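In this note's numbering, the protein residues as written are 15 to 180.
In this text, a Cβ means the ideal position worked out from N, Cα and C, and glycines have one as well.
Computed from a predicted structure; not experimentally measured.
Reviewing the structure listed below.
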Amino acid sequence: MIVLAVLRHDQRLTDMAGGNGVSESTVRRRREEVIRLLAVRAPRLDRALKDITKRGGEVVPADGALIPTQRRTGRDDRENFFGKHHRHGLHFLTLTDDEGRLIWMPAARSGRTHDATAARHDEPVEHLKAACLGALADLASSARTSVKSPVTWSSSPASRPPATAS
Numbered sequence: 015m016i017v018l019a020v021l022r023h024d025q026r027l028t029d030m031a032g033g034n035g036v037s038e039s040t041v042r043r044r045r046e047e048v049i050r051l052l053a054v055r056a057p058r059l060d061r062a063l064k065d066i067t068k069r070g071g072e073v074v075p076a077d078g079a080l081i082p083t084q085r086r087t088g089r090d091d092r093e094n095f096f097g098k099h100h101r102h103g104l105h106f107l108t109l110t111d112d113e114g115r116l117i118w119m120p121a122a123r124s125g126r127t128h129d130a131t132a133a134r135h136d137e138p139v140e141h142l143k144a145a146c147l148g149a150l151a152d153l154a155s156s157a158r159t160s161v162k163s164p165v166t167w168s169s170s171p172a173s174r175p176p177a178t179a180s
């Protein structure tokens, strides 16, 4: 129960340890153990994409998200500061199915990580190619495009027709 309170409600380790008569290192160790157990149960990306292919899916929406966190003090705060939103947080790259359900999310990265950098390191495009799936992503991910890439980007809103070349 202590670990669930730490994970769910972001309780400080020292507060939870002191109030329950255990050491801070014990709470930290148990928290890391629970996180590892949850990670083992999470579906691997290639298996999740195969399931989507079996259900007849053709594309997977992909996007990066900044999850706001409390600001650290000192020099440590720079790594998690995201200038676009002027917030501190953690960056997550997500893939969802066509109904918006989360199918894959790699480990969190520092808040200043760009979507294209996260995609380059986590390599979801290679997994999408192997599963014969495409992805829908915003222009922030356009650094990963190539002629052979299955990812589609659009710079115009759905209400505006695409620009024609003159």
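query, result
"Limits of the beta strand (DSSP E) - the one that L14 falls within", "The first residue shown for the chain is 15 and the last is 180, placing residue 14 beyond what the model contains."
"Strand pairing of P75, partner residues [DSSP]", "L150"
"Within the segment 32–74, ranges of the alpha helix (DSSP H) (whole runs, at least 4 residues)", "38–55 and 59–68"
"In DSSP terms, what P82 is bridged to", "G103"
"Nonlocal neighbours in the same chain, by C-beta distance under 6 Å from R43, ignoring five residues either side", "none"
"Cα-Cα separation, W19 to P82", "First, the amino acid is wrong: residue 19 is Ala here, not Trp. Taking the straight line joining both Cα atoms gives about 19 Å."
"Neighbourhood of D136 by C-beta distance below 8 Å, restricted to the same chain and skipping five residues each side", "L107 and P120"
"Distance between A133 and L63 (C-alpha atoms, nearest Å)", "16 Å"
"Nearest-angstrom Cα separation, counted from R123 out to R115", "21 Å"
"Cα-Cα separation, L142 to E38", "42 Å"
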